[in-house]
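Chemist: Let me begin by handing over the structure; questions about it come next.
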Amino acid sequence: MQEKNQKFGHLLLIIVVLTWGANYGIIKSAFQDFSPVLFGAIRFTLCGLLVLAITYKWEKGVSIQKKDFWKVAWVGLLGIGVYQVIWSVGLNLTSASNSALILSTTPLWGGLYVHLVEKESVRKRQYLYMLVSLFGVMLVILKPTARLHFSPDTLAGDLLTLIAALFAAVFLSAWSKPLLKIYSPLRLMGYCMMIGSLVLWLAVPFLATPVALNQVGAKSWWVLGYAILLSGIIGHVSYYGGIERLGVTRSMVYLYFIPLWAILFNYLLGEKIFPQQILGGILILLSTHRVLRSS
14 MQEKNQKFGH
24 LLLIIVVLTW
34 GANYGIIKSA
44 FQDFSPVLFG
54 AIRFTLCGLL
64 VLAITYKWEK
74 GVSIQKKDFW
84 KVAWVGLLGI
94 GVYQVIWSVG
104 LNLTSASNSA
114 LILSTTPLWG
124 GLYVHLVEKE
134 SVRKRQYLYM
144 LVSLFGVMLV
154 ILKPTARLHF
164 SPDTLAGDLL
174 TLIAALFAAV
184 FLSAWSKPLL
194 KIYSPLRLMG
204 YCMMIGSLVL
214 WLAVPFLATP
224 VALNQVGAKS
234 WWVLGYAILL
244 SGIIGHVSYY
254 GGIERLGVTR
264 SMVYLYFIPL
274 WAILFNYLLG
284 EKIFPQQILG
294 GILILLSTHR
304 VLRSS
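According to the working numbering, the sequence shown holds residues 14 to 308 in order.
This is the structure we're talking about:
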């Protein structure tokens with residue numbers, strides 16, 4: 014039964030890779046009409062409402078215990094709300110390549126946190142394989158037309174992106190694990206999305222430009238629908254389902270596949286794939302397989 018449960022956990026994380034990997038290539042087209050923070054505020058508000066409605070229908074209730082409220086609130090505030098704001102601001106202050114590579118360190122921070130703070134077993138060889146995966150991600154991201162550019166001009170954005178990676182590793186991932194022993198991924202993610210959206214709405218007056226909704230194109234509304242249903246609800250709930258069944262370290266290793274799938278998805282849309290990206294993909298596949306085997 015436990016083996017079957019773990020296989021389902023792997024399936025859920027494959028769904029995460031497929032929905033999140035295609036996410037940026039699709040969502041960035043909507044930023045012509047929406048600022049990233051406003052888009053995120055609308056997205057996570059509607060995601061949270063829909064997830065809680067589904068939870069109420071399936072579980073006949075959406076209550077959480079009073080003693081757990083602030084634990085859930087901190088995951089939502091920091092793991093979704095503050096993370097999204099920091100990431101958005103950081104992206105505007107650095108290059109897309111810098112941002113993607115720095116965010117790819119998230120599994121390493123997650124592994125260190127659960128090992129040092131929560132005493133979850135993480136072997137040295139797992140860190141080695143994660144570093145190899147990170148190198149593979151670098152090869153995937155840094156195609157000949159892209160360059161890393163770490164300089165004083167990008168320092169603020171790079172540091173903010175690094176902080177965002179830490180927030181994703183600790184608050185969105187590690188802090189959610191004990192709560193997933195009490196609440197379903199649906200119920201927990203529904204509350205976290207709603208609470209996180211409050212932070213995004215508070216940031217809108219400072220980081221977003223006014224938008225006339227009647228001037229938003231039909232394509233952007235379709236993209237918002239995708240971001241809510243697939244990468245929002247299905248992707249985030251599946252991620253928590255994976256953590257619930259496989260633990261933090263094994264689940265976060267799947268995040269290395271996201272840049273690889275993003276490249277493959279963009280290839281289907283007409284972008285070129287370079288030999289170094291193929292090599293990077295092979296390194297990601299082999300090293301991630303070894304991490305999962307050694308867990």
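Glycine included, C-beta positions come from ideal geometry on N, C-alpha and C.
Taking its Cβ as the centre, do 16 or more other Cβ atoms sit within 10 Å of S210, making it buried, or is it exposed?
Modeler: For this step, residue 210 is matched to residue 197 along the sequence shown. S210 is buried by the Cβ-count criterion.
Chemist: Quick check: the region 231-244 against the region 67-84, are at least 3 beta-carbon pairs closer than 8 Å?
Modeler: With the cut-off at 8 Å, the region 67-84 and the region 231-244 do not touch.
Chemist: Is G245 helix, strand or coil when you go by DSSP?
Modeler: The residue labelled residue 245 in the question sits at position 232 within the sequence shown. DSSP places G245 in helix when its eight states are reduced to three.
Chemist: Distance, Cα to Cα, V261 vs Q228?
Modeler: What you label residue 261 is simply residue 248 of the sequence shown in a count that begins at 1. What you label residue 228 is simply residue 215 of the sequence shown in a count that begins at 1. The alpha-carbon atoms of V261 and Q228 are separated by roughly 42 Å.
Chemist: Taking the beta carbon of N36 as the centre, do at least 16 other beta carbons fall within 10 Å, making it buried, or is it exposed?
Modeler: Numbered from 1 along the sequence shown, position 23 holds the residue referred to as residue 36. So N36 ends up on the buried side.
Chemist: So L201 and Y253 are in contact, right, with Cβ under 8 Å, and what is the actual spacing, rounded?
Modeler: Numbered from 1 along the sequence shown, position 188 holds the residue referred to as residue 201. Numbered from 1 along the sequence shown, position 240 holds the residue referred to as residue 253. About 6 Å; that satisfies the 8 Å criterion.
Chemist: For D46, I'd like the list of residues in its chain whose CB is within less than 8 Å of its CB, leaving aside the five on either flank, ordered along the chain.
Modeler: Here residue 46 is taken as the residue at index 33 of the sequence shown, counted from 1. Contacts found: V224, Q228, V229, G230, S233.
Chemist: Would you mind stating whether L175 and I115 have Cβ atoms separated by less than 8 Å?
Modeler: The count along the sequence shown starts at 1 and reaches residue 175 at position 162. The count along the sequence shown starts at 1 and reaches residue 115 at position 102. Yes, the Cβ-Cβ distance between L175 and I115 is below 8 Å.
Chemist: So within the region 156-241, which uninterrupted alpha helix (DSSP H) runs reach at least 4 residues, ignoring any that extend past its ends?
Modeler: Segments of the alpha helix (DSSP H) lying fully in the region 156-241: 168-180, 189-192, 198-220, 231-239.
Chemist: Leaving out five residues before and five after L90 in sequence, what residues of the same chain have Cβ atoms less than 7 Å from its Cβ?
Modeler: As a working mapping, residue 90 is identified with position 77 in the sequence shown. Contacts found: I208, G209, V212.
Chemist: Let's see if you can read the secondary structure: which residues bound the alpha helix (DSSP H) around E284?
Modeler: Position 271 of the sequence shown, counted from the first residue, corresponds to residue 284. Here E284 belongs to no alpha helix (DSSP H), and DSSP marks it neither H nor E.
Chemist: Helix or strand or just coil, what does DSSP make of I77?
Modeler: The residue you call residue 77 lines up with position 64 of the sequence shown. Note: I77 maps to coil in three-state DSSP.
Chemist: Whose C-beta lies closer than 6 Å to the C-beta of T58 among residues of the same chain, with five residues either side of it excluded?
Modeler: Numbered from 1 along the sequence shown, position 45 holds the residue referred to as residue 58. S210.
Chemist: For L147, tell me which candidate among V130, W122, K285 has the shortest Cα-Cα distance.
Modeler: Taking the first residue of the sequence shown as 1, we reach residue 147 at position 134. Of V130, W122, K285, the residue nearest in Cα terms is W122.
Chemist: Run through DSSP, which three-state label would G103 get?
Modeler: Taking the sequence shown and counting its residues from 1, one reaches residue 103 at position 90. Three-state DSSP puts G103 in a helix.
Chemist: Just to confirm, is the Cβ distance from L192 to V88 under 8 Å?
Modeler: Reading the sequence shown from its first residue, position 179 is the one you call residue 192. Reading the sequence shown from its first residue, position 75 is the one you call residue 88. Contact flag set, yes.
Chemist: Are the CB atoms of V50 and A178 within a distance shorter than 8 Å?
Modeler: For the purposes of this step, residue 178 is identified with residue 165 of the sequence shown, where counting begins at 1. For the purposes of this step, residue 50 is identified with residue 37 of the sequence shown, where counting begins at 1. Not in contact: A178 and V50 (Cβ atoms no closer than 8 Å).
Chemist: When DSSP labels each residue in this structure, what does S48 get in the three-state scheme?
Modeler: Along the sequence shown, one-based indexing puts residue 48 at 35. Coil.
Chemist: Does the separation of the CB atoms of S186 and V150 fall below 8 Å?
Modeler: The residue given as residue 186 occupies position 173 in the sequence shown. The residue given as residue 150 occupies position 137 in the sequence shown. For S186 and V150, no; Cβs fall outside 8 Å.
Chemist: Applying the 10 Å Cβ sphere with the 16-neighbour rule, what's the burial state of V102?
Modeler: Locating residue 102 in the sequence shown gives position 89, where the first residue counts as 1. Looking at its Cβ environment, which holds 16 or more other Cβ atoms inside 10 Å, V102 is buried.
Chemist: Give the secondary structure of G92 by DSSP, where H, G and I count as helix, E and B as strand, and everything else as coil.
Modeler: In the sequence shown, the residue the question calls residue 92 occupies position 79. Note: G92 maps to helix in three-state DSSP.
Chemist: Thinking just about the alpha-carbon of each residue, which of L106, F219, V130 is nearest to the one in D171?
Modeler: Translated into the one-based positions of the sequence shown, residue 171 becomes position 158. Checked all of L106, F219, V130; the closest Cα to D171 is L106.
Chemist: Could you name the residues of the same chain whose beta carbon sits closer than 7 Å to that of P198, not counting the 5 residues immediately before and after it, in chain order?
Modeler: Taking the first residue of the sequence shown as 1, we reach residue 198 at position 185. Hits under 7 Å: V250, Y253, G254, E257.
Chemist: Would you say A54 and W214 are within 8 Å of each other, going by their C-beta atoms?
Modeler: On the sequence shown, residue 54 is found 41 positions in, with the first residue counted as 1. On the sequence shown, residue 214 is found 201 positions in, with the first residue counted as 1. It is a contact, given that the beta carbons lie within the stated cut-off.
Chemist: Who are the near neighbours of W188 in its chain, counting only those whose CB is closer than 6 Å to its CB and skipping five residues on each side?
Modeler: As a position in the sequence shown, residue 188 is number 175, starting the count at 1. Closer than 6 Å at Cβ, skipping near neighbours: V88.
Chemist: Which of the three DSSP states is assigned to V130 in this structure?
Modeler: Counting from 1 along the sequence shown, the entry for residue 130 is found at position 117. Three-state result, V130: coil.
Chemist: Can the beta-carbon of F278 be found less than 8 Å from the beta-carbon of G34?
Modeler: By 1-based counting over the sequence shown, the position of residue 278 is 265. By 1-based counting over the sequence shown, the position of residue 34 is 21. The answer is yes: Cβ separation under 8 Å.
Chemist: Around the Cβ of R138, are there at least 16 other Cβ atoms within 10 angstroms (buried) or fewer (exposed)?
Modeler: Taking the sequence shown and counting its residues from 1, one reaches residue 138 at position 125. It is exposed - the Cβ of R138 has fewer than 16 other Cβ atoms within 10 Å.
Chemist: From L168 to I99, what distance separates their C-alpha atoms?
Modeler: Here residue 168 is taken as the residue at index 155 of the sequence shown, counted from 1. Here residue 99 is taken as the residue at index 86 of the sequence shown, counted from 1. Between L168 and I99, the C-alpha separation is close to 14 Å.
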